[in-house]
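Visitor: Residue numbers for the sequence shown follow this note's numbering, beginning at 161 and rising by one. Each residue gets a CB set at the ideal place from its N, CA and C atoms; glycine is no exception. Note that this is a predicted model, so its numbers are computed, not measured.
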Amino acid sequence: MMDALAAFRIEQREIYSQYKVPVVIVKEIYLVRSCYSPCQRGYCLCSPCLIKENASEADLWLLNSCTVKNPAEDHFRNSIKKAQEENKKIVLAGCVPQAQPRQDYFKGLSIIGVQQIDRVVEVVEETIKGHSVRLLGQKKANGKRLGGARLDLPKIRKNPLIEIISVNTGCLNACTYCKTKHARGNLASYPIDELVERAKQSFQEGVCEIWLTSEDTGAYGRDIGTNLPALLWKLVEVIPEGAMLRLGMTNPPYILEHLEEMAKILNHPRVYAFLHIPVQSASDTVLMEMKREYCVADFKRVVDFLKEKVPGITLATDIICGFPGETDQDFQETVKLVEDYKFPSLFINQFYPRPGTPAAKMVQVPAQVIGERQQVLVTEESFDSKFYVAHNRFYEQVLVPKNPTFMGKMIEVDIYESGKHFMKGQPVSDAKVYTPSISKPLAKGEVSGLTEGFRNRPRSHLSSARHPSAAVRRDSASSRLVLHLQKLHQDCALRVSVGLALFALLLAFLVKVYN
Numbered sequence: 161m162m163d164a165l166a167a168f169r170i171e172q173r174e175i176y177s178q179y180k181v182p183v184v185i186v187k188e189i190y191l192v193r194s195c196y197s198p199c200q201r202g203y204c205l206c207s208p209c210l211i212k213e214n215a216s217e218a219d220l221w222l223l224n225s226c227t228v229k230n231p232a233e234d235h236f237r238n239s240i241k242k243a244q245e246e247n248k249k250i251v252l253a254g255c256v257p258q259a260q261p262r263q264d265y266f267k268g269l270s271i272i273g274v275q276q277i278d279r280v281v282e283v284v285e286e287t288i289k290g291h292s293v294r295l296l297g298q299k300k301a302n303g304k305r306l307g308g309a310r311l312d313l314p315k316i317r318k319n320p321l322i323e324i325i326s327v328n329t330g331c332l333n334a335c336t337y338c339k340t341k342h343a344r345g346n347l348a349s350y351p352i353d354e355l356v357e358r359a360k361q362s363f364q365e366g367v368c369e370i371w372l373t374s375e376d377t378g379a380y381g382r383d384i385g386t387n388l389p390a391l392l393w394k395l396v397e398v399i400p401e402g403a404m405l406r407l408g409m410t411n412p413p414y415i416l417e418h419l420e421e422m423a424k425i426l427n428h429p430r431v432y433a434f435l436h437i438p439v440q441s442a443s444d445t446v447l448m449e450m451k452r453e454y455c456v457a458d459f460k461r462v463v464d465f466l467k468e469k470v471p472g473i474t475l476a477t478d479i480i481c482g483f484p485g486e487t488d489q490d491f492q493e494t495v496k497l498v499e500d501y502k503f504p505s506l507f508i509n510q511f512y513p514r515p516g517t518p519a520a521k522m523v524q525v526p527a528q529v530i531g532e533r534q535q536v537l538v539t540e541e542s543f544d545s546k547f548y549v550a551h552n553r554f555y556e557q558v559l560v561p562k563n564p565t566f567m568g569k570m571i572e573v574d575i576y577e578s579g580k581h582f583m584k585g586q587p588v589s590d591a592k593v594y595t596p597s598i599s600k601p602l603a604k605g606e607v608s609g610l611t612e613g614f615r616n617r618p619r620s621h622l623s624s625a626r627h628p629s630a631a632v633r634r635d636s637a638s639s640r641l642v643l644h645l646q647k648l649h650q651d652c653a654l655r656v657s658v659g660l661a662l663f664a665l666l667l668a669f670l671v672k673v674y675n
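1) Between the Cα of Leu-416 and those of Phe-459, Leu-670, Lys-394, spot the shortest distance and give me the residue it belongs to.
2) Unbroken alpha helix (DSSP H) runs of length 4 or more, entirely within the stretch 400-449: which are they?
3) What span of residues does the beta strand (DSSP E) with Ala-550 cover, start to end?
4) Helix, strand or coil for Glu-486, going by three-state DSSP, please let me know.
5) Just reading off the beta strand (DSSP E) that Val-560 is part of, what are its end residues?
6) Tell me the DSSP secondary structure of Val-251 in three-state form.
7) Expressed to the nearest angstrom, what Euclidean distance is found between the alpha-carbon atoms of Arg-310 and Leu-223?
8) Starting from the Cα of Tyr-395, find the closest Cα among Phe-363, Glu-246, Ser-374 and give me that residue.
9) In terms of DSSP beta bridges, what is Glu-540 paired with?
10) With a CB to CB cut of under 7 Å and the five nearest residues on each side skipped, what residues in its chain are close to Leu-391?
11) Taking just the CA atoms, how far does Val-283 sit from Thr-410?
12) Per DSSP, what kind of secondary structure is Ile-370 in: helix, strand or coil?
13) Tell me the DSSP secondary structure of Thr-329 in three-state form.
14) Hey, quick one: how far does the alpha helix (DSSP H) through Pro-231 stretch, first residue to last?
15) Is Glu-217 buried or exposed, if buried means 16 or more other CB atoms sit within 10 Å of its CB?
16) Going by C-alpha distance, which of Asp-464, Gly-308, Cys-338 is nearest Tyr-350?
17) Of the choices Met-570, His-418, Ala-423, whose alpha-carbon is the least far from that of Thr-386?
18) How far does the beta strand (DSSP E) with Leu-103 in it extend, from its first residue to its last?
19) If you run the structure through DSSP and keep just helix, strand and coil, what is Val-573?
20) State whether the stretch 234-249 contacts the stretch 494-503, with contact taken as three or more CB pairs (one from each stretch) at a distance under 8 Å.
21) According to the Cβ coordinates, are Lys-584 and Tyr-594 closer than 7 Å?
22) Can you tell me whether Ile-288 sits near the ligand GDP, meaning its C-beta is under 6 Å from at least one heavy atom of the ligand?
23) Compute the Euclidean distance between the alpha carbons of Ile-185 and Ile-322, then round it to the nearest angstrom.
24) By the DSSP assignment, the beta strand (DSSP E) with Lys-584 in it spans what residues?
25) Whose CA, out of Pro-596, Phe-554, Leu-388, lies closest to the CA of Phe-566?
26) Whole angstroms are fine: how far does the CA of Glu-365 sit from the CA of Pro-314?
27) In its own chain, which residues sit with a C-beta less than 7 Å from the C-beta of Gln-586, not counting the 5 before and 5 after it?
28) At what residue ranges does the stretch 250-288 contain a whole run of the alpha helix (DSSP H), taking only runs of 4 or more?
29) Give me the Cβ distance between Arg-294 and Pro-261, rounded to the nearest whole Å; I'm assuming they're in contact under 8 Å.
30) Which residue wins for smallest C-alpha separation from Lys-267, given the options Thr-287, Ala-259, Gln-258, Ser-292?
31) Quick one: is Lys-341 buried, meaning 16 or more other Cβ sit within 10 Å of its Cβ, or exposed?
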């Protein structure tokens with residue numbers, strides 16, 4: 161029997177002898193467990209016997225991360241906590257530990273930087289031994305920063321039909337809200353010949369679709385004396401008939417000078433007529449505070465040109481709401497842009513002040529600014545018993561304060577906050593409270609459908625409970641009589657219904673016979 165480390169070493173040597181580099185795996189979360197028999201596949205951590213989709217079966221969790229928004233980092237932190245609670249060994253990867261390696265919740269954990277992912281086998285092996293490893297350095301060659309891990313490393317595709325190729329890492333912008341730049345650094349592009357070779361290898365392995373991706377696809381090549389169209393024309397030469405290429409996100413400044421060429425490429429039969437161009441805001445004032453390096457007119461020029469030259473093109477865009485200093489007028493300009501262009505794909509994001517960015521130090525706009533006045537009907541108590549639950553005319557859930565006088569009433573509220581599945585409303589002080597019912601609602605558990613006299617009778621005889629008497633027996637007998645009469649009525653109704661049905665069938669039969 162062979163232990164996990166021996167299996168790791170054997171497979172690592174096999175991969176190293178074949179490729180001269182350790183293996184790298186592309187996957188959102190790595191789940192590795194001990195292997196107790198020699199693996200014959202020679203793929204190191206890529207072996208199915210080592211990768212587990214079920215987290216509970218794994219000995220080690222390799223957790224990737226994104227630092228773009230607060231919720232993504234919160235999810236990462238929660239995953240680490242869960243792994244620690246289950247006594248799993250942990251390796252952290254991605255932009256969060258790269259940008260903020262001294263976070264308290266990273267203490268004692270192994271970290272692999274965004275430039276060091278090709279050394280994942282070493283880090284996993286040392287972590288399984290009980291060591292804490294941190295590889296966060298930047299790779300350079302001849303004094304020049306490299307783009308990242310080599311493109312020809314073995315990996316597992318999430319979808320065997322789709323190859324995702326990063327054309328560069330880092331970017332040229334210095335957006336005031338962006339934390340990714342802290343982790344990824346300045347632009348570093350892969351050479352065209354390496355990207356073409358990776359594409360050719362992918363098609364030989366049965367891939368039929370390639371996605372080009374990076375922090376900013378449009379900036380490709382500016383650091384190595386080339387550009388995106390030059391890369392794309394080389395790639396379409398090796399795309400087989402029936403396969404397709406999809407372009408990633410590009411910021412407006414880096415596509416303006418290539419509009420003619422980009423339109424020709426997007427009209428190519430083996431290139432999807434799709435492009436993701438973030439606008440973020442339709443206010444030049446906000447764009448200037450963001451340091452986006454373009455104005456709204458630049459964005460419109462790109463969109464208008466591509467819509468004219470590439471019939472039916474799908475243009476996706478991004479919008480950030482609530483950027484520091486954004487006014488109602490700024491917001492309305494963005495709304496108008498969306499209404500004018502009717503983007504088929506629109507990503508709307510709340511602004512999050514990421515630590516260490518210039519925007520985090522600016523005067524913040526309240527996270528929840530709504531201010532709409534609505535009429536809502538209060539009917540329930542919330543699950544956590546902190547609010548009453550109401551609904552507006554669109555049956556959207558609105559949480560209101562627990563004021564007993566609101567229950568069962570139509571009230572007017574000012575919406576001041578929203579969550580994923582709810583809004584919160586503050587009752588308007590001088591607004592009228594409407595009582596829809598003409599009478600007081602029944603108590604919880606009280607039977608409906610009884611006559612008023614019968615409903616009141618038990619209450620009038622409550623005092624007799626202390627002294628059981630004939631009256632109590634009469635009430636009991638009366639109740640039994642009522643139930644008996646109800647049953648007789650139901651039985652009679654059933655018999656009449658069955659008789660009528662049989663008569664109808666007989667009549668239909670006679671009509672058919674004599675006709």
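Guide: On the basis of the coordinates in this document:
1) Checking every option, the nearest Cα to that of Leu-416 belongs to Phe-459.
2) 419-426
3) That run of the beta strand (DSSP E) goes 548-551.
4) coil
5) Looking at the DSSP string, the run of the beta strand (DSSP E) that includes Val-560 is 557-560.
6) Strand.
7) So the alpha carbons of these two residues sit roughly 21 Å apart.
8) The sequence given here places Leu at residue 395; Tyr does not occur at that position. Closest option to Leu-395, Cα to Cα, is Phe-363.
9) Residue pairing of Glu-540 in beta bridges, as defined by DSSP: Val-549.
10) Val-327, Ile-352, Leu-355, Tyr-380, Gly-381
11) 34 Å
12) strand
13) strand
14) 230-245
15) Counting Cβ neighbours within 10 Å, Glu-217 comes out exposed, since fewer than 16 surround it.
16) Gly-308
17) His-418
18) There is no way to answer for residue 103, as the model of the chain reaches only from 161 to 675.
19) Secondary structure at Val-573: strand, using DSSP grouped into helix, strand and coil.
20) At 8 Å Cβ cutoff, the stretches do not touch.
21) no
22) Absent from the structure shown: the ligand GDP. Ligands present: none.
23) Note that Ile-185 scores a pLDDT of 33, beneath 50, so its modelled location is shaky; the value from the coordinates is reported in the next line. Ile-185 and Ile-322: Cα-Cα distance of roughly 15 Å.
24) First-last of the beta strand (DSSP E) with Lys-584: 583-587.
25) Pro-596
26) 12 Å
27) Val-573, Asp-574, Tyr-576
28) List check, alpha helix (DSSP H) in window: 255-259, 280-288.
29) 7 Å
30) Ser-292
31) buried
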